[in-house]
Every structure is written in structure tokens, then in C-alpha cells.
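Top line first, the protein sequences correspond to chains P and H. Under our numbering, residues 1128 to 1365 are what the first sequence spells out, in order. Under our numbering, residues 110 to 401 are what the second sequence spells out, in order. Note that beta-carbon positions come from the ideal geometry of N, C-alpha and C, so glycine has one too. Following: one structure in C-alpha cells, then a few remarks.
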Amino acid sequence: MAPRELAVRDLHAYYGAAHILFGIDLAVPGGSTLALLGRNGAGKTTLLRSIANAGVRTTGSVRYGETELRSLAPHKAARAGLQLVPEDRRIFTRLTVRENLRLAGSGASPDRPAVGVDRILDLFPMLKDLLTRPGYALSGGEQQLLAIARAMVANPALLLLDEPSEGLAPRIVEQVGEAVRRLQSEFQLTAILAEQNTGFAVDLADEVCVLDGGSVVYQGRTSEFAAAEAVRHRYLAV
Amino acid sequence: MIVIATGLTDGMLLFLVASGLTLILGVMGVVNFSHGGFFMIGAYLGYEFLRGRAVSTWLFLLLIIAASAATAVVGLAAERVLFRRLYRLPEVTSLLGTYALLLILEGVAQLIWGQNPVTQPEPNGLVRVFTLASAQIPRYDLLVVGAGVVTVAGLQLLIKRTEFGRQLTAVAEDRFMAGLLGVNVNWVFAATFALGIFLAGLGGTLAGPTLSMVPDIAVTFILQSFAIVIVGGFGSVLGSLIAALALGLLHAYLVTYVPSLADFSLYLLMAAVLVVRPQGLLGSTALLRETR
Ligand SMILES: Nc1ncnc2c1ncn2[C@@H]1O[C@H](COP(=O)(O)OP(=O)(O)OP(=O)(O)O)[C@@H](O)[C@H]1O
Ligand SMILES: [Mg+2]
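In C-alpha cells:
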């Protein structure tokens, strides 16, 4: 089924009593990729977790197509087509690479059946030699690639990537970028890419959104963002 | 020989109870004090299903499996009502909650079966002994050890080779991520709980013919089982097996040769293992951190 639009309306988010996001309005057209930028602590992770209804208390609305995601338990959100790749990757250390991949099959939805592990391995060739390796014996880059590959097994229509380039050597960042580009061309999906690495994210995105202090301070097409020098200086680490 | 047979039999019974305990602790992070209560319920249900009669071995097996399944059903009800609320709470709360359930189960057993001991005879075919290396070994011991071996093999297959096993391992390590990937965490919890209580029930029904049943057996067994879980390493089924067999053998040996020390076998084993490996035989410290 074709990817739908993600529409976030007046979203507020809280950790306990701490108010973190202040009325976020955001639309990501079906099939496009949004680069979500902002400094440390701007609220990128909180926004992605709020969309996935994962450990954050929220008010407002998060609609993916017709589905209100805020009312869904995480495993139901997965079955509605959502996958979040968290910034700490969270590979299961006591499962092998293959088992990590197969586990995500339970997150496939009826209208988008799971992708075979073999097909995913064609997109992430470096995982092929690691299939029987336990999760605890992977490098940071291997973990990141596995985390993305694992999410893709569920064939998500809405993919949220939280800082996939964080802590990786430039050469590995390139590989991650390549993998994301292949996903965009081979799977139909709506994606949000939260990043501090502005160049990396903008290269992969159609639109850009900048968060600061829990609010949206800029939103525009990637082409316009190139000219928005002032925004980049004011809100992003240069 | 007889020492070994007795040791393995006691050890296997202990293992059956401890394996469920360690699964529930490893996957849900709940210290289930009521586990001994389910062991006791299993023993009484076995008695009810068999009606205290001696039957053929096959019928015996069939009925104790049915009684264990019935125990698991009681467990599932407790999971819905009580345990589901405990998974997110700190250990102290779950300790109190499951201890309360232990007392409730004991109370219920007293109401139904009273304080007077009841006994369940062994199945017809297994009352006699057989002779091995000039030792007289009860045939029933064979049945218990066999059931233990089948259980170990079954659990290993289930955990290492099936979809449910993958989900269980994933939920044990990181329930948050497992949920994000689409695993129905509540379902895995319920299924693991049912499995753990089934094993407690199986331990209870198999122990039935070796005990005089009173509601108090709920408490006697739970302490030893906890020691096994600690010695074996939290969450490790194989660790529990090794620890349980070691304790069974040590106890049987001391009873025969150094009776004055027999009552201390539990403490001897714990002290010896924990000095060398504080995380238990096959425990991983990572698991302790993850389950908090
Ligand atoms: N569990 C929590 N409890 C309370 N406050 C939190 C919690 N997690 C994050 N915060 C606060 O919420 C704000 C937003 O954090 P968030 O992790 O969303 O930022 P981020 O943009 O993802 O930052 P980074 O680029 O460093 O990952 C920060 O001020 C942070 O201190
Ligand atoms: Mg973040």
C-alpha cells in the first residue's frame, strides 16, 4: 500500500512534569523524507518517540493516513506500519544478527507483508558475513546498519531514524547514507531523519524542519533551506 | 548408586520449580514468591486428578500433565489480576505482592484440603525398585529424572529454536525495543508466566507421591528454589539445572555420609558458588542490569 502523509497537530510532550515539546505542527507528505534538525536537547528524540507513542506522555494528535498513532500500543503501531530506529540502536545482544532481523517480522502489517531477510541482506551486504554473530559482538557501525536493516524487515510505511550517523566514522556514515538512499528508491515509505549532521540529512531529504527548545523554528523544502543561512547559523551548530 | 539416584531425583524436582522461577524473573523482572504456592497447588491438583488412586504409568503421566495445565490456568488468572500490574513496579512492591499471593494460595489450600496431610501413591508400574550395581533404586525416580530431561530438552528447543523463544529472549533483554519492533510484550509475558507456572505445577504433581502433602510445602520449596536461581544465575535455565542437580547430589551424599552437615547443603553450595562467581554459574551481569 502506498505510503500516506504523517500529520502532527498541536503536539505537546512531557517526561513526568517536564514539558518538552510545545505545540508541534508538522506534515510530512506520503513518500517523502523529512530532515529533522536541531541542537542537543532541541527535542528531536522526544518528537520521534512521541510519534511512536514510546515512553512519552503527549497531547494533541499524530495521524498517519487515517490512523491516530497516539492511541496505539507500540506493537500495534508497528503493525500499522511504523518503525522507529532509536538513537541507541538497541540491538538484542543475546540474539544473533539473523535472529535480530527475523524478530522484526512480527511487526509487519497485513497490507505490507514482511520483507525476506535475504532481500534485506542484498541492501545491506556487509551484514551477510555477520549473520551468526551475537549482537554483543558488533561494532557501532555494524549495529547501526543492523538496526536499520532490522526495521526494514517489517516493511514499514513510516520510518523514523534517530541520528543514524551519530558516533560513526565518515566512511561508515557514507555506507549508512547509501543504505537509506536504496531504501528510499526500493521501498515506498515516508521517513523522518533526525540528525545533527546537517549535510548528511539534507542530502537525503526532501524537506527540512528545525527544532529549537521544543518548538518548530523553521520548515521548508530542501532547496530553500540551502539559502536559509540565518536559520542555520542561529539554530544549528556550525 | 542410591545416593546418585536420590540426588538426581530431588535435583530434578527442584529444577522444575526453579526453571519457571528463573524464566519469570529473567523475562519479567518479577521475583515470584508465590511460585512455591503454585508448586503446592500443582501437587494437590495432581492428587485431585488422580483421586489418590494408584493408576497405570501412562494414565499417571497424562493426568499429571493435565493437572499441571490446570495449575497454569490458575496462574494465568493470577497474571491477569495481579502480575500484570507488577511488571512496571519496583522489586519491593512485586516481592510484597507475590508474597501476599503465596499466603492467599496457602489459605485457599487449607480451606479446600485442610491441614491434615494427604498422600498420593505412585503409579502401579513404578512402585517396585530395580537393582542397579547392587543398589535398590525406586522406579519412580526414573520417571522423575526422565521428565526432567524431557523438560530441559523441550525448554532449550523452545527458547533457542522458535519464534516464541526469540521473542522471549528479546523481551527479557529490552521489552521497550521488542515492543517497538512489533512484539506483543503483554502476550509474551502471559505466555512466559503460564509456562513458568506449568513447570511449577509439573514439579508439584511429580513430587506428590514423594511427599506428604500439607499447604506448608509451598514455603519449604520456595527457599530452595530461590537458592537454585541465585546459584544458577538469574534467567538461566541451564544454570538452574546444574545448580539443582548439584544441590540434590550434595544433599543426598551428606545425608548418607555426613548427616550432621546435610541440613547445611544449601548454604554450602551457595557460599561455594557465590564466592567464585557472584553472578551465578551461567548468569550474565548484563541481564541483571537490563531487568533492573
Ligand atoms: N527521560 C527524560 N526525563 C526528563 N527530561 C528528559 C528526558 N529525556 C530527555 N529530556 C529532556 O528533553 C529535552 C529534549 O531532549 P531530546 O532527547 O528530545 O533532544 P534531542 O534533540 O534528541 O537531543 P540530542 O541531539 O542530544 O539527541 C532535553 O532538554 C532533555 O534534557
Ligand atoms: Mg536525540
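Per-residue DSSP class, three states only, for residue i
{"i": "P/Ala1318", "result": "strand"}
{"i": "P/Tyr1362", "result": "helix"}
{"i": "H/Tyr196", "result": "coil"}
{"i": "H/Gly138", "result": "coil"}
{"i": "P/Pro1130", "result": "coil"}
{"i": "P/Ser1236", "result": "strand"}
{"i": "P/Ser1266", "result": "coil"}
{"i": "P/Ser1188", "result": "strand"}
{"i": "H/Pro247", "result": "strand"}
{"i": "P/Ser1342", "result": "strand"}
{"i": "P/Ile1151", "result": "strand"}
{"i": "P/Pro1261", "result": "strand"}
{"i": "P/Val1337", "result": "strand"}
{"i": "P/Leu1199", "result": "coil"}
Contact belief for residue i with residue j at Cβ below 8 Å, rounded distance in angstroms
{"i": "P/Leu1209", "j": "P/Leu1196", "result": "7 Å"}
{"i": "H/Val253", "j": "H/Met121", "result": "5 Å"}
{"i": "H/Ala256", "j": "H/Ile111", "result": "About 20 Å; that fails the 8 Å criterion."}
{"i": "P/Leu1272", "j": "P/Leu1248", "result": "So it is not a contact: roughly 11 Å between Cβ atoms."}
{"i": "P/Ile1275", "j": "P/Val1155", "result": "P/Ile1275 to P/Val1155, Cβ: 18 Å. No contact."}
{"i": "P/Pro1130", "j": "P/Gln1315", "result": "5 Å"}
{"i": "P/Thr1317", "j": "P/Gly1157", "result": "5 Å"}
{"i": "P/Gly1182", "j": "H/Phe285", "result": "7 Å"}
{"i": "H/Phe343", "j": "H/Ala181", "result": "Their Cβ separation, rounded to whole angstroms, is 22 Å, which puts H/Phe343 and H/Ala181 out of contact at 8 Å."}
Contact test: residue i Cβ vs ligand 1 heavy atom, cutoff 7 Å
{"i": "P/Lys1171", "result": "yes"}
{"i": "P/Ala1144", "result": "no"}
{"i": "P/Asn1180", "result": "no"}
{"i": "P/Ile1151", "result": "no"}
{"i": "P/Gly1165", "result": "yes"}
{"i": "P/Gly1168", "result": "yes"}
{"i": "P/Glu1214", "result": "yes"}
{"i": "P/Ile1218", "result": "no"}
{"i": "P/Ile1247", "result": "no"}
{"i": "H/Ile221", "result": "no"}
{"i": "P/Ile1147", "result": "yes"}
Cβ shell of residue i (< 8 Å), same chain only, five flanking positions each side left out
{"i": "H/Ile268", "result": "Gly274, Leu277, Thr278 and Val346"}
{"i": "P/Arg1309", "result": "Leu1250"}
{"i": "H/Ile133", "result": "Val139, Asn141, His144, Thr301, Phe302 and Gly305"}
{"i": "H/Gln224", "result": "Val323 and Pro324"}
Per-residue burial, residue i [other beta carbons within 10 Å of its own, 16 or more giving buried]
{"i": "H/Phe169", "result": "buried"}
{"i": "H/Ala127", "result": "buried"}
{"i": "P/Ser1266", "result": "exposed"}
{"i": "H/Thr118", "result": "buried"}
{"i": "P/Glu1356", "result": "exposed"}
{"i": "P/Glu1322", "result": "buried"}
{"i": "P/Ser1159", "result": "buried"}
{"i": "P/Lys1171", "result": "buried"}
{"i": "P/Ala1364", "result": "exposed"}
{"i": "P/Gly1165", "result": "buried"}
{"i": "H/Pro232", "result": "buried"}
{"i": "H/Val323", "result": "buried"}
{"i": "H/Tyr156", "result": "buried"}
{"i": "P/Gly1143", "result": "exposed"}
{"i": "H/Thr240", "result": "exposed"}
{"i": "H/Ile173", "result": "buried"}
Distance cut-off 7 Å: residue i Cβ against heavy atoms of ligand 2
{"i": "P/Glu1356", "result": "no"}
{"i": "P/Asp1289", "result": "yes"}
{"i": "P/Glu1322", "result": "no"}
{"i": "P/Glu1193", "result": "no"}
{"i": "H/Glu282", "result": "no"}
Close-in-space but distant-in-sequence residues of the same chain around residue i (CB under 6 Å, 5 per side omitted)
{"i": "P/Ala1278", "result": "Gln1210 and Val1212"}
{"i": "P/Phe1352", "result": "Val1335"}
{"i": "H/Thr207", "result": "Asn141, Phe142 and Ser143"}
{"i": "P/Ile1367", "result": "This structure gives no information on residue 1367 of chain P, because the portion of chain P shown stretches from 1128 to 1365."}
{"i": "P/Leu1163", "result": "Lys1171, Ile1319, Ala1321 and Cys1336"}
{"i": "H/Leu171", "result": "none"}
{"i": "H/Tyr362", "result": "Val112"}
{"i": "P/Leu1287", "result": "Leu1175, Leu1211 and Ile1319"}
{"i": "P/Asn1324", "result": "Ser1292"}
{"i": "P/Thr1194", "result": "Ala1207"}
Own chain partners of residue i with C-beta closer than 7 Å, once the 5 adjacent residues on each side are dropped
{"i": "H/Ala316", "result": "Leu122 and Ala152"}
{"i": "H/Leu264", "result": "Ser128 and Val346"}
{"i": "H/Arg237", "result": "Arg248"}
{"i": "P/Phe1149", "result": "His1139, Gly1341 and Ser1342"}
{"i": "H/Leu375", "result": "Gln333, Ala336 and Leu356"}
{"i": "H/Ile246", "result": "Met110, Ile111, Ala114, Val238 and Phe239"}
Proximity test, residue i beta-carbon vs ligand 3 heavy atom, cut-off 7 Å
{"i": "P/Ile1319", "result": "In the structure on display, ligand 3 does not appear, and the ligands it does have are ligand 1 and ligand 2."}
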